[in-house]
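Undergrad: Chains A and B, in that order, give the protein sequences. For the first sequence, our numbering puts the final residue at 1351, and the numbers step up evenly by one. For the second sequence, our numbering puts the final residue at 1351, and the numbers step up evenly by one. Just so it is clear, CB atoms sit at the ideal spot from N, CA and C, and this is done for glycine as well.
Number of protein chains: 2
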Amino acid sequence: MHKIDFREKRNLTMLTDFYELTMANGYFENGLKDKIAYFDMFFREVPDDGGFAIMAGVEQLMDYLKSIKFEDEDIDYLKSKNIFSSGFLEYLKNFSFSCDVWAVPEGTPIFPNEPILIVKGPIIEAQFIETMVLLTINHQSLIATKTNRIVRAAQGRPIMEFGSRRAQGYDGAILGARAAYIGGCSGTACTITDRDFGIPALGTMAHSWVQSFPTELDAFRAYARIYPSNCTILVDTYNVLKSGIPNAIKVFEEEIIPRGFRPAGIRIDSGDITYLSNIARKMLDNAGFKDCKIVASNSLDEYVIRDILIQGAKVDIFGVGERLITSKSEPVFGGVYKLAAVEEDGKIVSKIKVSENVAKITNPSFKKVYRLFRRDTGKAIADVITLADEVIDDTKPYEIFDPVHTWKKQVVTNFHAKPLHEKIFEKGRCIYESPNLKYISEYCRDQIDTLWEEVLRFENPHKYYVDLSRPLWEIKQKLLQEYSY
Amino acid sequence: MHKIDFREKRNLTMLTDFYELTMANGYFENGLKDKIAYFDMFFREVPDDGGFAIMAGVEQLMDYLKSIKFEDEDIDYLKSKNIFSSGFLEYLKNFSFSCDVWAVPEGTPIFPNEPILIVKGPIIEAQFIETMVLLTINHQSLIATKTNRIVRAAQGRPIMEFGSRRAQGYDGAILGARAAYIGGCSGTACTITDRDFGIPALGTMAHSWVQSFPTELDAFRAYARIYPSNCTILVDTYNVLKSGIPNAIKVFEEEIIPRGFRPAGIRIDSGDITYLSNIARKMLDNAGFKDCKIVASNSLDEYVIRDILIQGAKVDIFGVGERLITSKSEPVFGGVYKLAAVEEDGKIVSKIKVSENVAKITNPSFKKVYRLFRRDTGKAIADVITLADEVIDDTKPYEIFDPVHTWKKQVVTNFHAKPLHEKIFEKGRCIYESPNLKYISEYCRDQIDTLWEEVLRFENPHKYYVDLSRPLWEIKQKLLQEYSY
């Protein structure tokens, strides 16, 4: 793989909410820049009311954290705002990231209210990175999560990502295609994503190819002669059944077979896919092309794919565009980044954000997350959020309980407790190597296999347990009492 | 303004659907690379069932068209695919864009089915740029269009763009904020967009600032001392009415007034905005701070803003995040790029894409668009798509007619006919200078003022007329007859 990596050419340090800078200047001026703080990233709801989300974007976040640097021009720009102290601007000029960061690895199923990323370090730094942490993880986790829904709906048939032209910006296309691969796509139409991430890019022809020739037959013939070994033909420019497929079959017979190849496929991009694919299948079979694949595209998503498969559509490969690359049904992944604790005289002081909306109350303190798996089936039982120094001893029975309805309890036995985070930065130094994307994609598939079928359901999935350990639960109750008005 | 421009650092030539390359190789190998083709970009439906969209992204498209270049690494990558001819790869190495391009200027209201961008040139080039044309214009037009809805709902109150953390990728945040400004936002939280495009960035504090101090009062005080001249305080970390606003008033009195300033504002980011803002207004007024602004944020969009204003919310400024930056209610702008004609022996041969779905049938031939304005009121009457060489003589009555229900006719008099496109590239050379963003934003506002109120309505807006000239209509009918099966 050629490693040109478009990302290294950009410095995104200034891609930050302006308030990160006003706060940073505020911490600096108040002599608080080195106060140690703990921040959590978490999300509150799974998009599309799904049962789980998929973590993605950690590699790009690492790239960013490694590259934070305020250029002279940035300092000049900030100076022109006339609100930042010269001491602070000098500090920025020499900014050096020194935090510890823990992240749930990419491809891992994640659940609401558990920290998926934890940052510990000087508050001025830990706060500053908020915008890019959220932007990076929110975007890719959204697309990986949505893609996985579509992939599951297709029941083993490959999904190709076709959405670049409708993505929300260039990174939306490029990194969206990356996230789609993590979520289970088999390939992409996005060439640069193949070049930079090694995700197989595929593509054949547009309607304009067909139109630009005097006749459809001429267009198919010209294409087949150049790509005889991998010839997929777009059959819906004029009329699928009366023109497109008969012409494709003719060209397969005249141009592909005599050259010793088999036709690769036909693509249908409009009309009723169930109806057309069934007749197309028969026409191809009758012509002796039972191995010729039928590719369908055109405003597909998990719901359409599920429905047309139930109706018996004869589709072998789905091309999915705008509804995947923008996660059209739910285009926001609502990850937030909240202060969980600060250190006072070397001791951790837990912090909470209360709210009249109870769903918005945070989990305080410096934490970690264990995922409990059954030893016999390998299935995931629950996640337990604990204090960072707690150890779950999985050789003994362990009681989990619902953090709101505390009378709902369960004693877990015969389980394995796996810490969910990897430490990715140690005092500002990156200590984690991102696995390659193929590995991440396979890891994702395997981890989803540890979830019960009930959690995978599209409608009204079972709510996977995310519980608090008793020590953490007690700290939270104590803080809530303090802030009750 | 400092011009660091993050865009120049990236080469996005390879951000293209792979089929653009397979087709390009196909044209090359068939000896068709210099065949002249005409492509149109247009869209079929206004997002959110609105009455119009807003053109945006032309400046970034120009940047791209000026910078197309295949690097040696790109050629190596393509070579590794083993499907491209060596002649073609050599051609790419020396690729030089030579097309003519016409675009509707940014900030212009645009309507379904009219070409908003026209490309004429060698088919291999005109086809190749498809993905970036669509990606660039679709994204920014989507966000400009959505933002304008939100801006109109706020009835003159400023809208701040707050969405970076929930954007779909980095460009989604940066260029989304640019498009939001075109659509009428007053400012952004996105620092890099201010640095690179001169859009005022603003920001104050997060909940974490408040939490990181021992008490809320300490946090407000620390902030006010550093930013006395422009102090906006976030009042909902613990309890808006019992704690946040009383503490804010105390700090305004103790830290802001004695320094000779007035308090800038308070921000409410959760809870019931109507209820809280009314009580907050009274508390601030009673404290003598009638000039202190109330800023509201938290999952706002045009519908919520309209409703809370109808209910009498006392909000002066709205901060709008995820629902603007992703156009959450409709996150796809469905622009398409279709072949309209080719040249054969120097003569234009019109092309059409037919479809069983009549909405997907294209308008053939090399075209232009006139917008007809009433001379007395300045209001826009209709857009007329004509052949490129047609001239609408606005000194004479002109008959427009509905292209489907052709008996619906109207003779227009006392009007001014304005061609809608600017030529931006001439034989591959950029000949257009993009206006500055402030101008574009003002131009947008003025152009929207030329639309009838009925077209601006959120629900069930009046459908603005987009008609075909009689010569164009006749060409289309003739082609449809030819392709009827």
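Take the Cβ of Ile-1176(B) as the centre, count every other Cβ of all protein chains shown within 10 Å, and call the residue buried at 16 or more, exposed below.
TA: exposed
Undergrad: For Lys-947(A), write down the residues that DSSP places opposite it in a beta bridge.
TA: Paired residue(s): none; Lys-947(A) is not in a bridge.
Undergrad: Within the same chain, show all residues whose beta-carbon is closer than 6 Å to that of His-1073(A), passing over the 5 residues directly before and after it, in chain order.
TA: Thr-1103
Undergrad: Cβ atoms of Pro-978(B) and Phe-905(B): under 9 Å apart, would you say?
TA: Taking a C-beta distance under 9 Å as the contact criterion, Phe-905(B) and Pro-978(B) do not qualify as a contact pair.
Undergrad: Within 9 Å of any Cβ in chain A, is that where the Cβ of Pro-1337(B) sits?
TA: no
Undergrad: In the DSSP output, which residue or residues are listed as bridge partners for Val-1278(A)?
TA: Tyr-1264(A)
Undergrad: Can you find at least 3 beta carbon pairs, one from the region 1040–1056 of chain B and one from the region 1169–1189 of chain A, that sit closer than 8 Å?
TA: no
Undergrad: Is Ala-1067(B) close to chain A, meaning its C-beta is less than 9 Å from at least one C-beta of that chain?
TA: Yes, Ala-1067(B) lies at the interface with chain A (some Cβ there is under 9 Å from its Cβ).
Undergrad: Is there a C-beta anywhere in chain A that falls below 9 Å from the one on Asn-1144(B)?
TA: no
Undergrad: Taking 9 Å as the CB-CB limit, is Cys-965(A) close to chain B?
TA: no
Undergrad: With a Cβ-Cβ cutoff of 9 Å, do Gln-993(B) and Met-880(B) count as a contact?
TA: No, the Cβ-Cβ distance between Gln-993(B) and Met-880(B) is not below 9 Å.
Undergrad: Give the residues of chain B in contact with Pro-1197(A), contact being defined as C-beta atoms less than 8 Å apart.
TA: Gln-1034, Thr-1192, Ser-1193, Lys-1194, Pro-1197
Undergrad: Just the Cα atoms here: how many angstroms apart are Met-998(A) and Pro-1112(B)?
TA: 33 Å
Undergrad: Please report the Cβ distance between Leu-1338(A) and Lys-1233(A), rounded to the nearest whole angstrom; I am assuming they are in contact, meaning their Cβ atoms lie under 8 Å.
TA: 7 Å
Undergrad: With C-beta atoms as the reference, is Gly-1201(A) less than 9 Å away from Arg-1031(B)?
TA: yes
Undergrad: According to DSSP, is Met-928(A) part of a helix, a strand, or is it coil?
TA: helix
Undergrad: If you count every other CB in all the chains shown that lies within 10 Å of the CB of Asn-1326(A), and 16 or more means buried, which is it?
TA: Flag for Asn-1326(A) reads exposed.
Undergrad: Using the C-alpha atoms, what's the distance from Asp-940(B) back to Met-867(A)?
TA: Since pLDDT at Met-867(A) reaches only 36, below the 50 mark, its modelled position is unreliable, and the value read off the structure follows with that caveat. Using only the alpha carbons, I get a separation of about 11 Å.
Undergrad: Terminal residues of the continuous alpha helix (DSSP H) containing Met-1149(A)?
TA: 1139–1152
Undergrad: If we require 4 or more residues per run, which alpha helix (DSSP H) segments fall completely within the region 1062–1143 of chain B?
TA: 1073–1078, 1082–1092, 1111–1117
Undergrad: Which residue comes first and which comes last in the alpha helix (DSSP H) that contains Trp-1339(A)?
TA: 1336–1348
Undergrad: Going by C-alpha distance, which of Ala-1067(B), Leu-1166(B), Phe-1118(B), Asp-1255(B) is nearest Asp-1084(B)?
TA: For the residues Ala-1067(B), Leu-1166(B), Phe-1118(B), Asp-1255(B), the minimum Cα distance to Asp-1084(B) belongs to Phe-1118(B).
Undergrad: Ends of the alpha helix (DSSP H) at Ser-1307(A)?
TA: Following the DSSP letters along the chain, one finds Ser-1307(A) inside the alpha helix (DSSP H) bounded by residues 1303–1314.
Undergrad: Among the residues of its own chain, which have a CB less than 6 Å from the CB of Lys-1426(B), if the five just before and after it don't count?
TA: The requested residue 1426(B) is not part of the displayed model; chain B covers only 867 to 1351.
Undergrad: Unbroken beta strand (DSSP E) runs of length 3 or more, entirely within the region 879–909 of chain B: which are they?
TA: 902–908
Undergrad: For Asp-871(B), does the count of other Cβ atoms within 10 angstroms reach 16, so buried, or fall short, so exposed?
TA: Its pLDDT being 45, under 50, Asp-871(B) is placed unreliably in this model, and the coordinates cannot settle the point.
Undergrad: By the 7 Å beta-carbon criterion, what residues does the region 1064–1089 of chain A contribute toward chain B?
TA: If the cut-off is 7 Å between Cβ atoms, the region 1064–1089 of chain A has Ala-1067, Leu-1068, Gly-1069, Thr-1070, Met-1071, Ala-1072, His-1073, Ser-1074, Trp-1075, Gln-1077, Ser-1078, Ala-1088, Tyr-1089 near chain B.
Undergrad: Answer yes if the region 1161–1171 of chain A comes into contact with the region 1010–1028 of chain A, meaning at least three C-beta pairs across the two stretches below 8 Å, and no otherwise.
TA: yes
Undergrad: List, in chain order, every chain B residue whose beta-carbon is nearer than 9 Å to that of Arg-1031(A).
TA: Asp-883, Glu-996, Thr-997, Met-998, Val-999, Leu-1000, Leu-1001, Asn-1004, Gly-1201, Val-1202, Tyr-1203
Undergrad: Determine whether the Cβ of Phe-1118(B) lies closer than 9 Å to any Cβ atom of chain A.
TA: no
Undergrad: List the residues that DSSP assigns as beta-bridge partners of Ala-992(A).
TA: Note: Ala-992(A) sits in no beta bridge, so no partner.
Undergrad: So what's Asp-938(B) in DSSP terms, helix, strand or just coil?
TA: helix
Undergrad: Exposed or buried, Pro-1197(A), counting other C-beta atoms within 10 Å across all chains shown (16 or more means buried)?
TA: Per the 10 Å Cβ criterion, buried.
Undergrad: Out of Gly-1029(B), Ala-1090(B), Ser-1163(B), which has the shortest C-alpha to C-alpha gap to Ala-1020(B)?
TA: Ser-1163(B)
Undergrad: Tell me the residue span of the alpha helix (DSSP H) that contains Glu-1320(B).
TA: 1319–1322
Undergrad: With respect to the beta strand (DSSP E) encompassing Asp-966(A), which residues constitute its N-terminal and C-terminal limits?
TA: 966–969
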